[in-house]
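In my numbering, the protein residues as written are 153 to 345. We put the CB at the ideal spot given by N, CA and C, even for glycine. Please read all numbers here as calculations on a predicted model, not as lab measurements.
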Amino acid sequence: MFVTLTISLVLVVASLPWWDLHYGSPWNETQRYYLGGMCVEGSCQDYYTDSIRHYTYFPQTYGLVLTALALSVFELAFLILAIFERKFAVGILVTGLLGSITLMVAPIYFYFALPVGLSSDGAFFTNFFGSYTERGMTYTWGGGPGWFMAPFVVIVFLAATVVAFFAASDSAGETRRSRPFRPLAAVSRSPRD
């Protein structure tokens, strides 16, 4: 259950906007930048055809998030396999840790890559968060809900990994049989002289 929650949360992180730009007096227009494309007033386009400057960091970040999603699905597969065979429990740990790390790298990479990509063509975006006023028009920008949510999903991902690993290790396929209890007096020994 916890692993399926992780898969759902990673899907939510991938589908939310990761960066927002508001401009106009008081926010007449908002541009939402999703990992797969940007949307302005209900019209969306992808980065491949619209803007080459966005093409340098949005697809890479999207790739990191989708890799984390794939690893969370593999974690679920290893959990199902570990129900029948204990040796698959290690796969839960490996895929869970790699997926968590990958998901944590995504917002960090995005935080540092976005301002470099935007400011390289002379735009006034020099920081990930900020504001700018030009001829009475105020621009405000910063991380979107997906960017803010990603670190919290990493925590859930790690917790799900630990819970799944120990649950699979404790209840894996092999039926544990303890030796029948035999009182010490019942053990027969032949005395040797």
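Run of the beta strand (DSSP E) containing residue i, from where it starts to where it stops
i    : result
E286 : G282 to E286
T292 : M289 to G295
T182 : E181 to Y185
Which listed residue (the options) has its alpha carbon closest to that of residue i
i    : options                   : result
Y209 : L249, E227, P259 and Y284 : P259
T278 : M289, Y263 and G288       : Y263
G189 : Y214, Y175 and L157       : Y214
H174 : M289, Y261 and S224       : M289
F226 : K239, I244 and S160       : I244
S224 : R238, L157, A241 and F240 : L157
Y186 : T313, V314 and G298       : G298
M256 : L161, P303 and E286       : P303
V322 : Q212, W171, A241 and L310 : Note that residue 322 is Asp in the sequence shown here, rather than Val. Comparing Cα positions, the closest option is A241.
Y261 : F154, M153, V162 and W170 : W170
D172 : E237, G295, A319 and F236 : G295
V305 : S195, T292 and T254       : T254
For residue i, the first and last residue of its enclosing alpha helix (DSSP H)
i    : result
L173 : Counting along the chain, L173 falls outside any alpha helix (DSSP H), though it belongs to the beta strand (DSSP E) covering W171 to Y175.
T278 : Counting along the chain, T278 falls outside any alpha helix (DSSP H), and DSSP gives it neither H nor E.
L157 : F154 to S167
For residue i, the residue or residues it bridges with in DSSP
i    : result
G189 : D198
Is the region 179-191 in contact with the region 226-234, if contact means three or more CB pairs nearer than 8 angstroms? no
Continuous alpha helix (DSSP H) assignments of at least 4 residues falling wholly in the region 223-271: Annotation note: the region 223-271 contains the following uninterrupted alpha helix (DSSP H) runs of length 4 or greater, listed N- to C-terminal: 241-271.
Any contact of the region 242-252 with the region 261-270, i.e. 3+ C-beta pairs under 8 angstroms? Flag = no, the region 242-252 and the region 261-270 do not touch.
Inter-stretch contact (C-beta, 8 angstroms, three-pair minimum) for the region 212-221 and the region 156-166: yes
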